[in-house]
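Below: one structure, written as structure tokens.
Dropping the structure here:
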């Protein structure tokens, strides 16, 4: 299976998710509990950031213990992290930005990839490598809806997952854009809730997010 098929799968995964929680955890127990709460609330996929020492172990644990959760490895910065994430069983990979060397490795990866970009030039460089689904990051800082609408014309078949600065109040407007396949956000998994073990709040916020997806997309 080549990059074309993997990109189709990436689009399918993100479209099914609608809203992708960007999760940062510091313990395995946190990873287990927050993922279960999100799933119960109606958000079946997560982007688990590789920002903490336990993240890679947590990724592997989630794939063993919570098979119904679709786990993407997020904040992939290097080829080494890419390979470690693949070995840990990640369902897909996400990067915040994609320098050329990493882009080349990701293009040959044996699973769906959502590479990050912040400018039209970066998006076009990824497009030239065969990517058709990209993460726009940090979305609001680089123009938000105006940027998304701006690139919809010249790169019409490129699907975006804007992430960074999107809130529950702005989620619907982003999802309504024709070139947005999914949005990423952390409003339903703030660090304070995770640290305090407030899983009911996570579950309730996830349920509200799932309602936004259903309202916008009608599914």
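Numbering (my numbering), first residue to last: 518 to 736.
C-beta: ideal position from N, C-alpha, C; glycine also.
- One alpha carbon belongs to residue 656, the other to residue 644, and they sit about 18 Å apart.
- Within the model, the alpha-carbon separation for residue 642 versus residue 717 is close to 42 Å.
- According to the DSSP assignment, residue 591 belongs to the beta strand (DSSP E) that extends over 587-591.
- The alpha-carbon separation between residue 708 and residue 654 amounts to approximately 20 Å.
- By alpha-carbon distance to residue 522, the top candidate from 562, 546, 626, 556 is 626.
- The shortest C-alpha to C-alpha distance from residue 526 to any of 610, 670, 619, 635 is the one to 610.
- In this structure, residue 733 sits away from residue 536, with a CB-CB distance that is not shorter than 7 Å.
- Residue ranges of uninterrupted alpha helix (DSSP H) with 4 or more members, entirely inside the stretch 665-701 and ordered along the chain, are 688-692.
- Taking a cut-off of 8 Å on C-beta distances, the stretch 555-563 does not touch the stretch 685-694, as fewer than three cross pairs fall below it.
- Contact annotation, residue 554 with residue 576: C-beta distance approximately 17 Å; criterion of less than 8 Å not satisfied.
- The bridge partners DSSP lists for residue 538 are 702.
- Residue 714 and residue 547 have their C-alpha atoms roughly 8 Å apart.
- Per the coordinates, the alpha-carbon of residue 618 lies some 16 Å from the alpha-carbon of residue 520.
- According to DSSP, residue 639 shares a beta bridge with no other residue.
- Residue 566 is bridged by DSSP to 591.
- Assignment of residue 571 by DSSP, reduced to helix, strand and coil, places it in the coil class.
- If you draw a straight line from the Cα of residue 634 to the Cα of residue 712, it is about 30 Å long.
- The C-beta distance from residue 662 to residue 651 rounds to 16 Å, too long to fall under 8 Å, and the pair is not in contact.
- Inter-residue distance for residue 543 and residue 569 is about 6 Å (C-alpha atoms, whole angstroms).
- In this structure, the straight-line span from the alpha carbon of residue 659 to that of residue 720 is close to 30 Å.
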